[in-house]
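A quick write-up on the structure given underneath.
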């Protein structure tokens, strides 16, 4: 499990960017470096970027990171990228579509409660597998469905590039031995340019330039009544005295994909 701390964090910047995601968002010289660069160029604003990404875990850690660090409160825009990890964990039966959906909705609602003006952008990455190109991905559809419900910008990278350049071009962005990560520096630059281009096309860049991001679809009924909006992170939970009255909670087990370690997480109800 890896945690990447903030880089180029200028508190005086006019556009505060946060990245919450998996290993594609963690790796050095990855797409986020160029994302920061291109957003600065297209908006003509000073930008700062902070990383709250964790490699080898599922999207429930996004909700945990929001609880730990109040990401939305300190950000203007959040890029949320966990599909590659979620997809793999579901394939090896260590995660489920339902839990992925509850975690995603929990993250969104946590952020909206903390800072309704913070813009969350869902970034959907595919994998370089023939079956992924040929079949509909249920996880990607789930992300798009939840994102649409909350009126969030969605960037489905594989779909966009397939429409613009075709499957062979997408395959050229990967190394033969790595089906989950884009090549550096070429592949990640294409990824960043495509994301920014799509945001420009759907009007997000215009909103960023004008600094007018009006909250949308705040206060909606939850899709999942038991989503993970109330997930809470505590250091040394058993030893702490955090509550006057002990809360009700349930355990969920979370797999660290790369290290094959199960973690127990207490979720307050």
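Residue numbers (our numbering): 33 to 301.
For each residue, glycine too, the CB sits at the ideal point set by N, CA and C.
Identity of the residues DSSP links to residue 80 by a beta bridge: Here residue 80 is taken as the residue at index 48 of the chain shown, counted from 1. Answer is 48, bridged to residue 80.
Rounded separation between residue 193 and residue 187 - CA only: By one-based count along the chain shown, residue 193 stands at place 161. By one-based count along the chain shown, residue 187 stands at place 155. So the alpha carbons of these two residues sit roughly 11 Å apart.
Pairwise C-alpha distance: residue 124 and residue 273: As a position in the chain shown, residue 273 is number 241, starting the count at 1. As a position in the chain shown, residue 124 is number 92, starting the count at 1. Summary for residue 273: the model assigns pLDDT 43, below 50, so the residue's position carries little reliability, and this model does not support an answer.
Identified DSSP bridge partners for residue 151: One-based indexing of the chain shown puts residue 151 at position 119. DSSP output for residue 151 lists 109 as bridge partner(s).
Three-state secondary structure (DSSP) of residue 208: Looking up residue 208 in the chain shown gives position 176. Residue 208 falls in the coil class under three-state DSSP.
Local Cβ density within 10 Å of residue 51, reported as buried at 16 or more and exposed below that: Here residue 51 refers to the residue found at position 19 of the chain shown. With 16 or more other Cβ atoms within 10 Å, it is buried.
Beta strand (DSSP E) segment containing residue 186, residue limits: In the chain shown, residue 186 corresponds to position 154, counting from 1. 186 to 188 is the extent of the beta strand (DSSP E) around residue 186.
Three-state secondary structure assigned by DSSP to residue 237: Your numbering for residue 237 matches position 205 in the chain shown. In the structure shown, the three-state DSSP call for residue 237 is helix.
Residue 251 burial status per 10 Å Cβ neighbour count (16 or more: buried): Within the chain shown, the letter at position 219 stands for residue 251. Burial state of residue 251 is exposed, judged by a 10 Å Cβ sphere holding fewer than 16 other Cβ atoms.
Presumed contact (8 Å Cβ cut-off) between residue 146 and residue 156, rounded CB distance: Counting from one through the chain shown, the residue named residue 146 turns up at place 114. Counting from one through the chain shown, the residue named residue 156 turns up at place 124. Their Cβ separation, rounded to whole angstroms, is 24 Å, which puts residue 146 and residue 156 out of contact at 8 Å.
Top-ranked residue by Cα proximity to residue 239, from 104, 74, 207: Residue mapping note: residue 239 aligns to position 207 of the chain shown, counting from 1. Considering only alpha carbons, the answer is 74.
Beta-carbon proximity list for residue 189, same chain, < 8 Å, skipping 5 on both sides: Here residue 189 refers to the residue found at position 157 of the chain shown. The residues are 155, 156, 157, 158, 223, 226, 227.
Host alpha helix (DSSP H) of residue 265 (start-end): As a position in the chain shown, residue 265 is number 233, starting the count at 1. Neither: residue 265 is in no alpha helix (DSSP H) and is coded neither H nor E.
Exposure label - residue 47; buried when at least 16 CB within 10 Å: Here residue 47 refers to the residue found at position 15 of the chain shown. For residue 47, the number of other beta carbons within 10 angstroms of its own is at least 16, and it is reported as buried.
Bridge partner(s) assigned by DSSP for residue 53: Working through the chain shown from its first residue, we reach residue 53 at position 21. Looking at the DSSP output, residue 53 bridges to 113.
Validate contact between the region 134 to 150 and the region 90 to 105 using beta carbons, cut 8 Å, 3 pairs: With the cut-off at 8 Å, the region 134 to 150 and the region 90 to 105 touch.
Extent of the continuous alpha helix (DSSP H) run through residue 96: Locating residue 96 in the chain shown gives position 64, where the first residue counts as 1. Its alpha helix (DSSP H) spans residues 92 to 101.
Alpha-carbon to alpha-carbon, residue 89 and residue 138: Your numbering for residue 138 matches position 106 in the chain shown. Your numbering for residue 89 matches position 57 in the chain shown. Between residue 138 and residue 89, the alpha-carbon positions lie close to 16 Å from each other.
Residue 141, buried or exposed, once every other Cβ within 10 Å from all chains shown has been counted against 16: For this step, residue 141 is matched to residue 109 along the chain shown. Buried: at least 16 other Cβ atoms inside 10 Å.
Cβ contact check for the region 51 to 65 and the region 112 to 119: 3 or more pairs under 8 Å: The region 51 to 65 and the region 112 to 119 touch, with no fewer than 3 CB-CB distances between them shorter than 8 Å.
Environment of residue 261 [buried if 16+ CB atoms lie within 10 Å]: In the chain shown, counting from the first residue as 1, residue 261 sits at position 229. Buried is the call here.
Anticipated Cβ contact below 8 Å, residue 214 with residue 56, distance rounded: Looking up residue 214 in the chain shown gives position 182. Looking up residue 56 in the chain shown gives position 24. At roughly 7 Å, the Cβ-Cβ gap stays under 8 Å, so residue 214 and residue 56 are in contact.
First and last residue of the uninterrupted alpha helix (DSSP H) at residue 104: Against the chain shown, residue 104 aligns to sequence position 72. Careful: residue 104 lies outside any alpha helix (DSSP H) and carries neither H nor E.
For residue 133, the first and last residue of its enclosing alpha helix (DSSP H): Walking along the chain shown from the start, residue 133 turns up at place 101. 129 to 146 is the span of the alpha helix (DSSP H), which, as asked, contains residue 133.
Residues that DSSP places opposite residue 156 in a beta bridge: Stepping through the chain shown from its first residue, residue 156 is reached at position 124. Looking at the DSSP assignment, residue 156 forms a beta bridge with 188.
Residue 82 burial status per 10 Å Cβ neighbour count (16 or more: buried): One-based indexing of the chain shown puts residue 82 at position 50. That one is buried.
Proximity winner among 151, 100, 91, 131, relative to residue 257 (alpha-carbon distances): The sequence position of residue 257 within the chain shown is 225, counting from 1. The option with the nearest alpha carbon to residue 257 is 131.
Simplified DSSP assignment, three categories, for residue 214: Mapped onto the chain shown, residue 214 falls at position 182. Of the three classes helix, strand and coil, the one that applies to residue 214 here is strand, per DSSP.
Check whether residue 183 and residue 248 have beta carbons under 8 Å apart: For the purposes of this step, residue 183 is taken as the residue at position 151 of the chain shown. For the purposes of this step, residue 248 is taken as the residue at position 216 of the chain shown. Yes, Cβ-Cβ distance for residue 183 and residue 248 is below 8 Å.
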